[in-house]
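Read the sequence shown against our numbering and you will find it ends at 503, with the numbers running on by one and no gaps.
Every residue, glycine too, gets a C-beta built ideally from N, C-alpha and C.
Note that this is a predicted model, so its numbers are computed, not measured.
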Amino acid sequence: MQRIVDFLEGWVAYLLLPALAVLVGVDVVLRYILNLPLRWGNDVKELLLLLVVVGALPGVSLADQHIRVGLFDRFFRNRAGSLWVALRHVLTGIAALAVGYAVLLMALDMHRYGDRAEMIAISFWPFAAFVALAATLSALAEFVRAARAFAGNT
Numbered sequence: 350m351q352r353i354v355d356f357l358e359g360w361v362a363y364l365l366l367p368a369l370a371v372l373v374g375v376d377v378v379l380r381y382i383l384n385l386p387l388r389w390g391n392d393v394k395e396l397l398l399l400l401v402v403v404g405a406l407p408g409v410s411l412a413d414q415h416i417r418v419g420l421f422d423r424f425f426r427n428r429a430g431s432l433w434v435a436l437r438h439v440l441t442g443i444a445a446l447a448v449g450y451a452v453l454l455m456a457l458d459m460h461r462y463g464d465r466a467e468m469i470a471i472s473f474w475p476f477a478a479f480v481a482l483a484a485t486l487s488a489l490a491e492f493v494r495a496a497r498a499f500a501g502n503t
């Protein structure tokens, strides 16, 4: 699991993030200095930003770095605390699976109807499929964290 997440994060960090930075820089220069905006620039920037943000989610889940409010954490100690953490991870995993499934259905619809970006012929369904994959990997990471918490090693 860690190798898959590391590969995904490396792909995002070393390929997509620099591509996004270069595209933003080129678009700014062309738009505000040369008055030649990239008509398709916003579409591509939005899709790259989606990949960057969503590509980091499985790693965040595996490292247990999600932001959370611990309203009930103080009520549970020792074994009950481990069970509470396990339950929290299971519920988060179920929510991530639900998101992944819903987005997968959307990706299938996007493929069927040919949905694409407005200013450039880029289909949306591969991006939705990537979101579904990332959500599924996040769910698996949460279930791994739940198993560790249930075993008592958070």
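Item checked: Bridge partner(s) assigned by DSSP for S472 -> As a position in the sequence shown, residue 472 is number 123, starting the count at 1. In the DSSP output, where bridge partners are listed per residue, S472 has R465.
Margin query: Do F499 and S410 have their beta-carbon atoms positioned less than 9 Å apart in this structure?
Written below: Counting from 1 along the sequence shown, the entry for residue 410 is found at position 61. Counting from 1 along the sequence shown, the entry for residue 499 is found at position 150. Contact: no.
Item checked: Sub-9 Å separation of V403 and V480 beta-carbons -> If you number the sequence shown from 1, residue 403 lands on position 54. If you number the sequence shown from 1, residue 480 lands on position 131. In this structure, V403 sits near V480, with a CB-CB distance shorter than 9 Å.
Next item on the list: Could you tell me how far apart the beta carbons of L406 and A483 are, in whole angstroms, since I believe they sit closer than 8 Å?
Entry: On the sequence shown, position 57 is the one that residue 406 refers to. On the sequence shown, position 134 is the one that residue 483 refers to. In this structure, L406 and A483 form a Cβ contact; the two beta carbons are roughly 5 Å apart against a cut-off of 8 Å.
Margin query: Just to confirm, is the Cβ distance from L387 to I471 under 9 Å?
Written below: Looking up residue 387 in the sequence shown gives position 38. Looking up residue 471 in the sequence shown gives position 122. Their beta carbons are not under 9 Å apart, which means L387 does not touch I471 by this criterion.
Checklist line | For V452 and A477, believed in contact at Cβ under 8 Å, the rounded distance | finding: In the sequence shown, counting from the first residue as 1, residue 477 sits at position 128. In the sequence shown, counting from the first residue as 1, residue 452 sits at position 103. Indeed, because the Cβ distance is near 5 Å, the residues count as touching under 8 Å.
Check: Whole-angstrom Cβ separation of V439 and A490, contact assumed at under 8 Å?
Finding: To locate residue 439, count along the sequence shown from 1; it is residue 90. To locate residue 490, count along the sequence shown from 1; it is residue 141. With a Cβ gap of about 12 Å, V439 and A490 do not count as contacting.
Margin query: Please state whether the Cβ-Cβ distance between V393 and V361 is less than 9 Å.
Written below: Here the question's residue 393 lines up with position 44 in the sequence shown. Here the question's residue 361 lines up with position 12 in the sequence shown. Taking 9 Å as the Cβ cut-off, V393 and V361 do not qualify as a contacting pair.
Note to self: Can you list, in chain order, the residues of its chain with a C-beta nearer than 8 Å to that of H415? Leave out the 5 residues immediately preceding and following it.
What the structure shows: Against the sequence shown, residue 415 aligns to sequence position 66. Excluding sequence neighbours, H415 sits near V409 and T441.
Next item on the list: Output the distance between the C-alpha atoms of D422 and Y381, rounded to the nearest integer angstrom.
Entry: For the purposes of this step, residue 422 is identified with residue 73 of the sequence shown, where counting begins at 1. For the purposes of this step, residue 381 is identified with residue 32 of the sequence shown, where counting begins at 1. If I take the Cα positions, the gap works out to 51 Å.
Next item on the list: Would you kindly check if the distance between the Cβ of I353 and the Cβ of L486 is under 9 Å?
Entry: Your numbering for residue 486 matches position 137 in the sequence shown. Your numbering for residue 353 matches position 4 in the sequence shown. Yes; because the gap between Cβ atoms is below 9 Å, this pair is in contact.
Note to self: Using the Cβ count rule (16 or more neighbours within 10 Å means buried), how would you classify A456?
What the structure shows: Counting from one through the sequence shown, the residue named residue 456 turns up at place 107. Per the 10 Å Cβ criterion, buried.
Note to self: If distances are taken between C-alpha atoms only, which option among V378, N384, G374 and G390 comes closest to V468?
What the structure shows: Mapped onto the sequence shown, residue 468 falls at position 119. For clarity, residue 468 is Met in the given sequence; the question names Val instead. Comparing Cα positions, the closest option is G390.
Next item on the list: Look up F479 in the DSSP assignment and say whether it is helix, strand or coil.
Entry: Residue 479 sits at position 130 when you count from the first residue of the sequence shown. Helix.
Check: Would R426 pass as a contact of G501 if the rule is Cβ separation under 9 Å?
Finding: Reading the sequence shown from its first residue, position 77 is the one you call residue 426. Reading the sequence shown from its first residue, position 152 is the one you call residue 501. Not in contact: R426 and G501 (Cβ atoms no closer than 9 Å).
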